[in-house]
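For what it's worth, this note's numbering labels the leading residue of the sequence shown as 3, then goes sequentially. A short write-up of the structure that comes next.
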Amino acid sequence: SSRVSPTQLACPLDLGCHSVGQIIPTARRVFYAAEMTAEPRFLEPVYLVEIQCPEHAMGGIYSVLNQRRGHVIGEEQRPGTPLYNIKAYLPVMESFGFTAVLRAATAGQAFPQSVFDHWQQFTGNPLEAGTKANQIALNIRKRKGLSAELPDLDRYMDKL
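Pasting the structure below:
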């Protein structure tokens, strides 16, 4: 996310004062071009998932997490019980249907709890065709009713 707050504008007196209708479209093109040349990246929300399970169900948990871009950050046995607590990070985008798949992979013996933890940078350039980030950008544009393709940088360059 970007924010620009212009506080002062100096117009040459010999050209007359430009109207807001002339300044804002020009400034908008400048800011769009600056964003496109700054190598934009997506940030995605990530859950901290805590899973309780018996030891023999841990293989299924690791398998499901690997399939969904999750990674384990901690594993410890609960004292006095045969249960293990597994802590992992899981991207929110990959969490839909996670509980059902996890229960199927562990014969119903894993009990996950998810809570938002942090944002992380999504790998890939959304302006580069064929990447997963580009596909996400195109899906967002479609959902919002925008044109199907991403605009070219030439669209925002001066045409003098």
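Glycine included, C-beta positions come from ideal geometry on N, C-alpha and C.
{"Asked": "CA nearest to the CA of ASP119, picked from ALA131, ALA90 and LEU140", "Found": "ALA90"}
{"Asked": "Nearest-angstrom Cα separation, counted from GLN24 out to ARG70", "Found": "49 Å"}
{"Asked": "Separation of THR83 from ALA176, as counted between CA atoms", "Found": "In the structure as shown, the chain begins at 3 and stops at 162. Residue 176 is therefore absent and cannot be evaluated."}
{"Asked": "Assigned secondary structure, GLN69 (DSSP; H/G/I helix, E/B strand, else coil)", "Found": "helix"}
{"Asked": "Contacts around VAL48, its chain only, beta-carbon distance under 6 Å, and the 5 residues preceding and following it disregarded", "Found": "TYR91, PRO93, ASP119, HIS120 and GLN122"}
{"Asked": "Whole-number beta carbon distance between LEU155 and THR28, since they are thought to touch under 8 Å", "Found": "Incorrect: roughly 16 Å between the Cβ atoms, too far for contact."}
{"Asked": "Three-state secondary structure (DSSP) of PHE113", "Found": "strand"}
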